[in-house]
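Asks: Below is one structure. I have some questions about it.
Residue numbers (the numbering used here), protein chains in the order written: chain R, 16 to 82; chain X, -1 to 153.
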């Protein structure tokens, strides 16, 4: 599973630390998700999508290998 | 909100303190009563007062100090105890159980007599020690990769 968090952050001009604070996780966790090293839970994915005001599918999407 | 049954963040310092206090106490005891626990205990056992004998009480006291210390270090919360940390914690716990049982099975096959007694004593604190080392190692790697990603982004 991949994501567009880095792009969305750049659009919204928020740092990893700010996003982490808004969804109650550590900055390292946001970093791991952006680098595709950690797949967040549904709850965290929903929270992140809400910060950007978008649907989860617009932030997170499946790769060919996941299907 | 999920309950994670962990101790507060600062309790790790109390745990480290207990282990540090235990070291000079143990060294002083060993200097005062040479011969080791088994030797001291066997003599008291013969007298029939094993449970309240000073060597046994000392053994229980120091073992409890180390165990409680390791327990507090292993199971105190991180500053931000989020879902990734919980996953790393469970992963480390699984590895420590695997490793501990591998050593236990190996020891059961290849040791006998008083050696197997020592292996059982080791098993009191070995899983906790494995868990702490593995968990701290993955946290260290997580922080390092986050820092290196920051450097890449800023370049």
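For every residue, glycine included, the Cβ atom is placed at its ideal position computed from N, Cα and C.
1) Give the residues of chain R in contact with residue 8 of chain X, contact being defined as C-beta atoms less than 8 Å apart.
2) In whole angstroms, what separates the C-alpha of residue 133 of chain X from that of residue 126 of chain X?
3) With a threshold of 8 Å between beta carbons, is residue 28 of chain R in contact with chain X?
4) Less than 8 Å between the C-beta atoms of residue 64 of chain X and residue 123 of chain X, yes or no?
5) Does the count of Cβ pairs from the segment 63 to 81 of chain R and the segment 32 to 50 of chain R closer than 8 Å reach three?
6) Are any of the Cβ atoms in chain R nearer than 8 Å to that of residue 147 of chain X?
7) Quick one, are the C-beta atoms of residue 51 of chain R and residue 147 of chain X less than 8 Å apart?
8) Once you ignore the five residues that flank residue 72 of chain X on each side, which residues in its own chain have a CB closer than 6 Å to its CB?
9) Nearest by alpha-carbon distance to residue 70 of chain X: which of X:88, X:79, X:136, X:5 is it?
10) To which residues of the same chain is residue 12 of chain X closer than 7 Å at the C-beta, ignoring the five residues directly before and after it?
11) So which residues on chain R does residue 140 of chain X lean against when the C-beta distance must stay under 8 Å?
12) One question on the structure: do residue 26 of chain R and residue 74 of chain R come within less than 8 Å of each other, judged by their Cβ atoms?
13) In this structure, does DSSP put residue 50 of chain X in helix, strand or coil?
14) Listed from N- to C-terminal order along the chain, which residues in the segment 54 to 73 of chain R have their beta-carbon within a distance smaller than 9 Å of any beta-carbon of chain X?
15) Leaving aside the five residues before and after residue 93 of chain X along the sequence, list all residues of the same chain whose C-beta is less than 6 Å from its C-beta, in chain order.
16) Using only CA atoms, which one of X:62, X:80, X:143, X:117 lies nearest to residue 24 of chain X?
17) Determine whether the Cβ of residue 153 of chain X lies closer than 8 Å to any Cβ atom of chain R.
Replies: On the basis of the coordinates in this document:
1) What residue 8 of chain X touches in chain R: nothing, since even the nearest Cβ is about 18 Å away.
2) 10 Å
3) no
4) yes
5) yes
6) yes
7) no
8) 126, 129, 130
9) X:5
10) 70
11) 43, 47
12) no
13) coil
14) 55, 56, 58, 59
15) 132
16) X:62
17) Model confidence at residue 153 of chain X stands at a pLDDT of 49, short of 50, so the residue's coordinates are unreliable; what they give is reported in the following sentence. Answer no: the Cβ-Cβ gap between residue 153 of chain X and chain R never drops below 8 Å.
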